[in-house]
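Numbering (full-length UniProt numbering), first residue to last: 1 to 922.
Yeah, the Cβ is synthetic: ideal placement off N, Cα and C, and Gly gets one too.
Nothing here was measured: the structure is a model prediction, and the numbers come from that model.
The structure appears below as structure tokens.
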């Protein structure tokens with residue numbers, strides 16, 4: 001009788017001579033009951049359940065659940081209240097220094113990819129909703145004997161892993177440099193905790209003698225987040241970029257070896273098959289001779305040669321067609337040979353350590369940073385254009401090298417080979433006789449997921465080319481910095497987390513969203529108003545920053561050195577190894593307790609100084625003023641945010657309304673299936689309290705970071721830029737403001753930052769005035785005016801820009817952008833959609849017959865009353881209808897809304913705001 005135990009505890013040791021698990025015990029909190037598994041020769045040999053006090057086995061059979069792994073069809077199932085484990089381990093004696101640690105990583109379900117888990121352990125952030133990490137130094141338990149055994153006590157969170165498959169991974173990690181090495185792994189099932197709600201449906205329980213259910217073929221389901229993370233192409237220099245290069249360089253030799261072997265095997269198969277074809281005729285002819293040469297004439301009358309030839313060719317015809325098809329369409333040796341050409345330049349040859357392409361790139365990198373160091377130390381000759389030329393050349397060098405590595409497995413021949421494989425693997429040749437005939441042209445042979453993958457790969461290559469062209473077109477250093485930072489092929493961590501939370505299923509209609517940059521979706525900067533003290537205006541989005549800086553004495557040596565510097569969670573960390581970002585130079589600096597100021601140090605420009613609370617001075621140098629300003633703003637914001645977070649914890653507002661709505665859609669058109677727009681509001685950082693008097697609105701608006709608000713949005717003048725259009729949210733000089741007034745208040749409402757007062761929603765909207773953002777989509781680089789232009793041409797230009805919207809991208813659906821932005825409370829994109837001509841009276845349809853909800857048609861203004869902006873004003877949280885105010889500024893006909901639809905359940909505050917606006921319009 002075959003034992004069930006080896007099939008019920010998936011266990012594997014990478015090298016049993018180095019590390020192995022001898023015994024596993026899983027106990028309850030009191031350690032009164034245990035499940036004990038005995039391991040021998042890399043396999044589970046017994047599992048028992050017993051009482052630790054009486055030392056007796058407990059009655060009743062063990063419980064198992066089904067598992068999808070064929071070699072381990074069962075999983076031992078333990079109660080949810082059992083969440084302590086004892087691991088009896090054996091290790092071989094080896095030379096391990098103090099930095100070596102044993103790492104225990106626990107994961108949930110099918111989270112078992114060794115590569116993904118290794119990258120997770122190498123990251124700085126080990127917090128996860130579905131993973132737990134324990135670590136202990138080997139120095140704490142290593143003995144002097146040749147081999148030694150230890151018992152490690154560990155726990156796992158029962159709430160996190162209950163009603164699911166719990167995977168243990170034991171790693172050995174060198175905390176200084178090396179990647180963690182996997183030692184062993186095992187898994188078991190944790191039942192739901194008694195009395196708790198079940199969040200994951202358990203599989204059908206099985207008893208010891210039950211037969212496991214065979215695994216079923218399932219179509220893979222990818223999410224948009226999966227594709228965003230898979231198609232990343234970042235050229236911003238630092239540990240992430242260098243790590244990406246290292247990953248490619250490590251795997252490409254294996255890829256080249258595999259392609260070369262496949263090419264040889266396909267060629268051998270082809271030549272062998274040619275020999276078989278040539279021998280076909282020879283066999284028939286030889287058989288004729290054989291029959292003709294025998295002594296008995298009766299055999300000829302049996303017609304053996306002809307009958308044999310007929311059936312022989314019938315059988316052979318099927319083989320010949322199918323083998324010819326495989327060699328021509330699936331394993332085409334010519335295609336495989338061409339694939340090798342892309343690998344030639346990026347893989348080492350003839351025993352060399354580096355490939356020709358890597359040597360060229362490293363040479364370019366070294367020359368650039370040596371030149372940059374000399375450029376920054378030369379106080380007399382710092383031509384911006386020369387810096388731009390050098391930077392652009394280096395950015396293109398980084399792009400070209402990374403692209404050459406990527407193209408090794410993403411070129412026209414490789415992708416055609418993949419398409420052939422995917423088609424061949426998806427086809428049902430037994431039932432579809434036409435598959436061979438129209439294999440090349442029949443795209444239906446591809447699964448939906450495979451088709452989406454190949455289309456996205458093609459689009460990825462196109463996006464890469466456009467990104468390179470954008471780098472080449474940069475006209476100044478600031479623009480080049482923005483292009484690299486806002487690269488649409490490098491989604492931010494926040495974008496990935498947001499998309500992962502939405503969990504949208506990937507489809508062909510969402511290919512464009514894979515490469516959506518998300519620029520313009522960041523919340524607008526907020527203002528802090530003061531009465532008499534100097535004002536600094538913060539942008540919460542710039543409270544984290546990282547990059548290469550030159551530091552004075554940064555490596556414990558005199559002089560200036562490159563460092564990788566990271567500002568995150570209110571702390572500044574310096575790493576001496578800017579390629580890996582792992583070796584900390586000193587303790588992190590708490591920015592909230594430090595002072596920051598721009599300086600010129602010993603004739604070196606673009607420097608800034610950080611003075612810690614202990615009087616320690618740190619001096620850094622950026623590459624230009626713009627780069628230094630970004631660092632200083634981020635450092636200031638980090639300190640402010642840290643203080644605000646502490647205050648916010650004490651004054652957190654509870655019992656917020658939960659205003660869930662069905663998905664709105666155009667009256668007749670379906671929209672993208674995005675059900676995860678924010679249902680209530682966003683929290684804006686505090687702005688000046690309405691009780692504060694004599695606010696300097698002019699200074700507040702002019703100094704919004706990265707806004708260019710101190711210059712007129714239309715003519716670029718810096719004189720008398722004291723006016724704003726509350727409709728378009730831009731600042732204007734006195735001449736252009738006069739032209740705006742002539743357009744009429746129904747087109748552009750003009751107010752003075754010096755003479756007018758701003759209350760309620762309009763006060764909040766001051767936070768979102770940003771000439772730079774607005775001019776990105778309303779202004780053409782080819783058609784601009786100067787401050788000294790005559791009045792007629794000035795007015796003509798402003799009419800073109802704001803009424804005719806002559807420079808707006810007409811291919812974009814601004815109504816759809818408006819609806820999506822309102823749903824997500826994305827103020828920046830609401831402004832963009834309305835400024836570009838989005839309909840402020842857009843009708844929306846809510847509900848659907850298929851969902852058994854009677855559809856209703858409402859005005860977008862009614863929907864906007866459910867989307868609030870919460871503002872923390874001196875510790876008091878107030879709610880504002882900012883989006884509704886924007887719709888009114890752009891001509892929303894709220895006087896035609898005779899009553900608000902009951903199905904929306906508007907709050908009293910929303911109804912009051914609506915009534916007040918109607919009264920003001922009368």
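| Asked | Found |
| --- | --- |
| In this structure, how does DSSP classify residue 627 when only helix, strand and coil are distinguished? | helix |
| Out of 244, 128, 408, 885, state which residue places its alpha-carbon closest to the alpha-carbon of residue 763. | 885 |
| Identify, in the order they occur along the chain, each residue of the same chain with its Cβ nearer than 6 Å to the Cβ of residue 797, setting aside the five sequence neighbours on each side. | 785 |
| Taking buried to mean at least 16 other C-beta atoms within 10 Å of its own C-beta, is residue 109 buried or exposed? | exposed |
| Compute the minimum distance between the beta carbon of residue 704 and the heavy atoms of the ligand FMN, and state whether it is under 8 Å. | Although the ligand FMN was asked about, the structure shown includes no ligands whatsoever. |
| Let me confirm a value: residue 902 is counted as buried when at least 16 other C-beta atoms fall within 10 Å, else exposed. Which label applies? | exposed |
| For the structure I just gave you, are there three or more beta carbon pairs, one from the segment 463-478 and one from the segment 398-407, closer than 8 Å? | yes |
| Do you know offhand how far residue 600's Cα is from residue 608's? | 8 Å |
| Going by the beta-carbon positions, is the gap between residue 453 and residue 308 smaller than 9 Å? | no |
| Just how far apart, CA to CA, sit residue 58 and residue 49? | 6 Å |
| For the alpha helix (DSSP H) that residue 309 lies in, which residues bound it at each end? | 304-325 |
| Which residues bound the beta strand (DSSP E) around residue 340? | It is not in any beta strand (DSSP E) - residue 340 instead sits in the alpha helix (DSSP H) that spans 333-344. |
| Provide the residue span of the beta strand (DSSP E) that contains residue 352, from first to last. | Neither: residue 352 is in no beta strand (DSSP E) and is coded neither H nor E. |
| With residue 181 and residue 172 assumed to form a contact (beta carbons below 8 Å), what rounded beta-carbon distance in angstroms separates them? | 5 Å |
| Which term fits residue 761, buried or exposed, when burial requires 16 or more other beta carbons within 10 angstroms of its beta carbon? | buried |
| In whole angstroms, give me the CA-to-CA distance for residue 421 and residue 270. | 17 Å |
| Does residue 594 come out as helix, strand or coil in the three-state DSSP assignment? | coil |
| Between 695, 916, 65, 724, which lies nearest to residue 748 when the distance is taken from Cα to Cα? | 724 |
| Taking residue 304 as the reference, give the member of 290, 459, 183 with the closest Cα. | 290 |
| Tell me the DSSP bridge mates of residue 104? | 134, 170 |
| If residue 623 sits next to residue 372, beta carbons under 8 Å apart, how far is it from one beta carbon to the other, in whole angstroms? | 7 Å |
| Work out the CA separation of residue 179 and residue 565 for me, nearest whole Å. | 22 Å |
| Are the Cβ atoms of residue 835 and residue 766 separated by less than 9 Å? | no |
| Could you name the residues of the same chain whose beta carbon sits closer than 8 Å to that of residue 904, not counting the 5 residues immediately before and after it, in chain order? | 661, 858, 862, 863, 865, 866 |
| For residue 842 versus residue 815, is the C-beta distance shorter than 9 Å? | yes |
| With distances taken Cα to Cα, identify the nearest neighbour of residue 346 among 369, 191, 335, 361. | 361 |
| Are the CB atoms of residue 82 and residue 35 within a distance shorter than 9 Å? | yes |
| At what residues does the alpha helix (DSSP H) containing residue 759 begin and finish? | From DSSP, residue 759 is part of no alpha helix (DSSP H); its letter is neither H nor E. |
| Could you spell out the range, first to last residue, of the beta strand (DSSP E) harbouring residue 731? | 730-732 |
| By the 10 Å Cβ neighbour count, where 16 or more other Cβ atoms means buried, how is residue 558 classified, buried or exposed? | exposed |
| When the Cα atoms are used, what is the spatial distance from residue 789 to residue 741? | 18 Å |
| Does the Cβ-Cβ distance between residue 18 and residue 92 come in under 9 Å? | yes |
| Starting from the C-beta of residue 28, find all residues in its chain whose C-beta is less than 6 Å away, skip the five residues before and the five after it, and write them out in chain order. | 81, 82 |
| Return helix, strand or coil for residue 185, following the three-state DSSP convention. | strand |
| Which residues in the same chain have their Cβ closer than 6 Å to the Cβ of residue 388, if we skip the five residues on either side of it in sequence? | 477 |
| What whole-angstrom Cβ distance do residue 188 and residue 75 have, given they're in contact under 8 Å? | 6 Å |
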